[in-house]
Amino acid sequence: NIHSNLKTKPQSKHYGNKGNYMTFFLSQKYAYPADELMPLSCKGRVRGQEPNRGDIDDSLGKFSLTLIDTLDTLVVLNKLDEFEDAVRKAVKDVRLDNDVVVSVFETNIRVLGGLLGGHIMADLLRQRGQRMEWYRDELLHMAIELGHRLIPAFNTTSGLPYPKVNLRHGILKPQSRTGTESDTCTACAGTMILEFAALSRLSGQPVFEEHARKALDVLWERRQKGSDLVGTVINIHNGEWVRRDSGVGAGIDSYYEYLMKAYILLGDSVFLERFNVHYSAIMKYISQPPLLLNVHMHNPTVSVRSWMDSLLAFFPGLQVLRGDLKPAIETHEMLYQVTKQHKFLPEAFTTEFRVHWGQHLLRPEFAESTYYLYKATGDPYYLRVGQSIVEKLNTYARVPCGFAAVQDVRTGTHEDRMDSFFLAEMFKYLYLLFSDKSHVPIDIDDYIFTTEAHLLPVSLSTTKGTVPVPPEDDLFSHSCPSTETLFPNNPTFAKTIRDGYKYLTGVGQEHKGVLRVKLVAEVSQTAEEEVVPHVVQLISPPFLGRMVLTAGPAKFGADLTNIVKASPYTACGPVDNAVEIKGRIALALRGDCMFAVKARWLQQAGAIGVIFIDHHEGSNSDETPLFQMVGDGDSNEDITLPLVFLFSREGALLTATEKPVSVNIKLRLMEHGEVEEGMVTSPSLELVMEKEEEGEKLGGKQSP
1 NIHSNLKTKP
11 QSKHYGNKGN
21 YMTFFLSQKY
31 AYPADELMPL
41 SCKGRVRGQE
51 PNRGDIDDSL
61 GKFSLTLIDT
71 LDTLVVLNKL
81 DEFEDAVRKA
91 VKDVRLDNDV
101 VVSVFETNIR
111 VLGGLLGGHI
121 MADLLRQRGQ
131 RMEWYRDELL
141 HMAIELGHRL
151 IPAFNTTSGL
161 PYPKVNLRHG
171 ILKPQSRTGT
181 ESDTCTACAG
191 TMILEFAALS
201 RLSGQPVFEE
211 HARKALDVLW
221 ERRQKGSDLV
231 GTVINIHNGE
241 WVRRDSGVGA
251 GIDSYYEYLM
261 KAYILLGDSV
271 FLERFNVHYS
281 AIMKYISQPP
291 LLLNVHMHNP
301 TVSVRSWMDS
311 LLAFFPGLQV
321 LRGDLKPAIE
331 THEMLYQVTK
341 QHKFLPEAFT
351 TEFRVHWGQH
361 LLRPEFAEST
371 YYLYKATGDP
381 YYLRVGQSIV
391 EKLNTYARVP
401 CGFAAVQDVR
411 TGTHEDRMDS
421 FFLAEMFKYL
431 YLLFSDKSHV
441 PIDIDDYIFT
451 TEAHLLPVSL
461 STTKGTVPVP
471 PEDDLFSHSC
481 PSTETLFPNN
491 PTFAKTIRDG
501 YKYLTGVGQE
511 HKGVLRVKLV
521 AEVSQTAEEE
531 VVPHVVQLIS
541 PPFLGRMVLT
551 AGPAKFGADL
561 TNIVKASPYT
571 ACGPVDNAVE
581 IKGRIALALR
591 GDCMFAVKAR
601 WLQQAGAIGV
611 IFIDHHEGSN
621 SDETPLFQMV
631 GDGDSNEDIT
641 LPLVFLFSRE
651 GALLTATEKP
661 VSVNIKLRLM
671 EHGEVEEGMV
681 TSPSLELVME
691 KEEEGEKLGG
701 KQSP
C-alpha cells in the first residue's frame, strides 16, 4: 500500500515510500523486461503477444518502458541501490532498434525523457563520489541513439513530425509500415522541446533542438490570429487545421505546458512571449471559472461541448508556475469535488459532474496540480487532498500485483492495465507532496518537471544554446509575483477562494454547457434625486465586463421587477419587512448561510426575485471572475425565484438609496445572427428592467 502520515504538523510531514518501491519491485518481478505490468494477470504486457489495443499500444516499443520511465523516480524515493541496479539493467538489456512502430510523442516523453532523467541522476550521484563510479554516460548515449531514431519523423514539408515512426526503418520505407499519416495532434507536435533541447545541450548536437523549435514555430504561425488559440489536430504537410476545437485538455495540453517550461529551462524569452499570448486567450475564452470548456478557435465565443476531459487537471499546476493562483485554486477545487462524487476523475465528465466517459487510467494530473498548489501556498488543505488520493488508490485500485486502472468509476471494475506513467508521475508527485526536503536526495527546486515528470536541471539555461535565437522586443514580464507580495499576512488566501466552491455539485446544465443568460437592468431614481441611471448586466464571454455591473446567474429562477432591501440584510431567517418585499425584488447580503436558504426565506416573504450583494468589501467584477451560485446540496426545485449575484462595488450602486426602486420589465429572445456591438451572437435571453418618467427615455430605449 501507499502510506501517508498527516498526524504530524505539515512542517515535518512524512510520506512512507515502501509501497511505492514495492509496486516497482512487483512490476520488475512479474513484468521485466516487458514494457508494462498487467496487474490483474501478474505478467508483463508484450506487444504482439496480447490482443491489439490500437493506438494505445503505440507506447510499447519492446524497450522496457516501465523500467526506463521509472528511473529518476527511484532516486526521488531515495532508493539509490535499486536505481543503480535498474540503470545496469537498462544498459545491459534495452535495445532501441526494434522493428516496431511507436508513437513519437509517447516515446519522446516516456523513453527519451526517462533516459535523460536517469542520466542526469546517475551523473549527479557519480559526481558526489558515493556510487555509480562505473557509469560512463551510457544512458546519454542511448538517448542520443533514440533521438536519431525519432528524427526521421520530422521529414515533412511543414516541419511538423509524423505521429508515428518505426524505430528501425524510420518513415516512408515500405518496411516501416508507417509514414502514410497526414495529421497529428497539437500536443504531439508541440511537446518535444524540453527533451530535444536538453539532448542537444547535453550532447552538443544541435539537430534535435532545431527540429523541436521548428515544430513550435509552425504551430505558433498557424494559430488563429484573431483569437490567438490553436486547434486540436493539424495537417503535418500543409499546416491546415483538421480539428478546430480549442481547449487545454487532450490534444493540446502539453503544448502550452512546454512553452512555459521551455522558458524556465532554457531562458529563451520567445517561449514566454508566446505562452503569455496564448494564456491571455485561454483566460478570455476557455476559462469560465471554475470550468475550462473547449471553444471553436475561429469563433471562441461558442463552447463546442459541455464536458471536460481529465487531462486538463494539469492546468492548475501550470497556472501556479505562471503565478496565477486564484483560477488555479478554483479549477482544482472543482476537480476535487468531482473526485468526491466519483472517487476518481472520470476520463471525461460533464459540467454537471456526471460521467461522460467512465474510465480512470490512474492519471497523475490531479495529483500534480495538488503538489504545485501545496508548494505555492503551504496550505495543509492540499495535504488532505493528497491523502484522499492515496486512500482512494489503496481502496479502489490496489490489487495483489500492483495498481489497476478502473474500467468504469460507476461500477469500480478493474482493467488489466497499469501504464508506466503511474510509477513515473503519480508516485513521484505524491511522495514529494508528503516529504520533507531531507527525505529527498536531490534539491527538487533545481529541476523542472517534464510532462512525464522527468527531471531536467534548470542549469541548462546557463548552457550555451546550440541554436541561434533572433533578438526579440522585451514586451512581457519575466518574473511572477509571489503570494507573499500579492497577499501579505494572509495564510488563509486559498481557503477564501475555495469556500465559494465547497458545496459545488455541478455548473450549468448537462449537454447544454453553461447557461448563458444576458440580464440587463437599467435602473433610475426619481427625477427629484437626480441620480444617473445605472446598468446591471450579467453575461458570459465574449461580452464579460463590457457593462458597468456584471452579475452571475443562478441555476434556478424565473422573472424580475421591483427592488427592496431585505431586513435582516443577510436573510438567513424570517424576513421582518415581508410586507414591503412582497411583489418586489429583494436585495440581500451574501454570507452567514447558503444562497438557497436565503432564497427560501425571501420567497416565503413574497419576493419575486433576489439580487445578492457580495459581503467582501471592495470586490468587483473587473478583478474577480464570475461564478454561478449553487444550491445547498438538497433538491432546489422548490425555489422558483430568479436570482443573480453582484460583487460589492457594483452592489453599492444599488444600495446607495434606502428607498424602493421601481422598474418595469421587457423580455425578448435574441435571434440567431443578431449583431450586438459588432459581433454575431448565438440566441440569448435579454431581460431589461427600466423605469422612466413619462415621455423620458432611459439608455436610448423608449418605454414600452
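Residue numbers (full-length UniProt numbering): 1 to 704. Even for Gly, the Cβ is constructed at its ideal location relative to N, Cα and C.
Residue i, buried or exposed, once every other Cβ within 10 Å from all chains shown has been counted against 16
{"i": "Gln-28", "result": "buried"}
{"i": "Asp-72", "result": "buried"}
{"i": "Asp-183", "result": "buried"}
{"i": "Trp-307", "result": "buried"}
{"i": "Ile-563", "result": "buried"}
{"i": "Thr-186", "result": "buried"}
{"i": "Ser-287", "result": "buried"}
{"i": "Arg-384", "result": "exposed"}
{"i": "Asp-228", "result": "buried"}
{"i": "Glu-637", "result": "exposed"}
{"i": "Gly-159", "result": "buried"}
{"i": "Thr-350", "result": "buried"}
{"i": "Asp-576", "result": "exposed"}
{"i": "Ile-613", "result": "buried"}
{"i": "Lys-437", "result": "exposed"}
{"i": "Trp-134", "result": "exposed"}
{"i": "Asn-166", "result": "buried"}
{"i": "Glu-240", "result": "exposed"}
{"i": "Gln-628", "result": "buried"}
Residue range of the unbroken alpha helix (DSSP H) whose run includes residue i
{"i": "Arg-177", "result": "Neither: Arg-177 is in no alpha helix (DSSP H) and is coded neither H nor E."}
{"i": "Glu-368", "result": "365–377"}
{"i": "His-332", "result": "325–342"}
{"i": "Tyr-258", "result": "253–266"}
{"i": "Asp-217", "result": "207–221"}
{"i": "Val-320", "result": "315–322"}
{"i": "Arg-384", "result": "381–396"}
{"i": "Arg-128", "result": "113–128"}
{"i": "Leu-430", "result": "427–434"}
Straight-line gap, residue i to residue j (C-alpha atoms, nearest Å)
{"i": "Val-390", "j": "Gly-249", "result": "24 Å"}
{"i": "Tyr-396", "j": "Phe-595", "result": "35 Å"}
{"i": "Leu-265", "j": "His-414", "result": "39 Å"}
{"i": "Thr-451", "j": "Asp-309", "result": "17 Å"}
{"i": "Leu-60", "j": "Ala-367", "result": "25 Å"}
{"i": "Tyr-30", "j": "Lys-164", "result": "29 Å"}
{"i": "Leu-589", "j": "Leu-292", "result": "29 Å"}
{"i": "residue 728", "j": "Ala-566", "result": "Not covered by the structure: residue 728. The range shown for the chain is 1 to 704."}
{"i": "residue 720", "j": "Leu-432", "result": "Any answer about residue 720 is impossible in this case: the structure gives the chain only from 1 up to 704."}
{"i": "Arg-222", "j": "Glu-333", "result": "34 Å"}
{"i": "Met-142", "j": "Tyr-382", "result": "38 Å"}
{"i": "Ser-461", "j": "Tyr-263", "result": "9 Å"}
{"i": "Gly-573", "j": "Ala-605", "result": "11 Å"}
{"i": "Val-597", "j": "His-615", "result": "16 Å"}
{"i": "Pro-206", "j": "Phe-154", "result": "15 Å"}
{"i": "Gln-337", "j": "Glu-352", "result": "11 Å"}
{"i": "Ala-453", "j": "Ala-424", "result": "7 Å"}
{"i": "Cys-188", "j": "Asp-253", "result": "10 Å"}
{"i": "Ala-197", "j": "Ser-203", "result": "10 Å"}
{"i": "Ala-586", "j": "Asp-379", "result": "38 Å"}
Whole-number beta carbon distance between residue j and residue i, since they are thought to touch under 8 Å
{"i": "Leu-373", "j": "Pro-316", "result": "7 Å"}
{"i": "Gly-402", "j": "Leu-26", "result": "5 Å"}
{"i": "Ile-193", "j": "Leu-219", "result": "That belief does not hold up - the Cβ atoms of Ile-193 and Leu-219 are roughly 11 Å apart, past 8 Å."}
Start-to-end residues for the beta strand (DSSP E) that takes in residue i
{"i": "Ser-303", "result": "299–303"}
{"i": "Arg-45", "result": "43–45"}
{"i": "Tyr-285", "result": "Careful: Tyr-285 lies outside any beta strand (DSSP E) and carries neither H nor E."}
{"i": "Pro-457", "result": "455–457"}
{"i": "Met-38", "result": "36–38"}
{"i": "Asn-235", "result": "233–235"}
{"i": "Glu-415", "result": "413–415"}
{"i": "Met-308", "result": "307–309"}
{"i": "Asp-408", "result": "405–408"}
{"i": "Tyr-447", "result": "447–449"}
{"i": "Thr-492", "result": "That residue, Thr-492, is in no beta strand (DSSP E); it is neither H nor E in DSSP."}
{"i": "Phe-349", "result": "348–350"}
{"i": "residue 706", "result": "Examination of residue 706 is not possible in this model, given that the chain is present from 1 through 704 alone."}
- Message: Suppose only complete runs of 3+ residues qualify. What are the beta strand (DSSP E) ranges in the region 139–192, listed by chain order?
- Response: 164–166 and 183–185
- Which ranges does the beta strand (DSSP E) cover as unbroken runs of at least 3 residues, wholly within the region 65–103, from first to last along the chain? 101–103
- Going along the chain, which unbroken runs of the beta strand (DSSP E) with 3 or more residues stay wholly within the UniProt domain "PA" (563–653)? Listed in chain order, the complete beta strand (DSSP E) runs (minimum 3 residues) inside the UniProt domain "PA" (563–653) are 584–589, 609–613 and 643–646.
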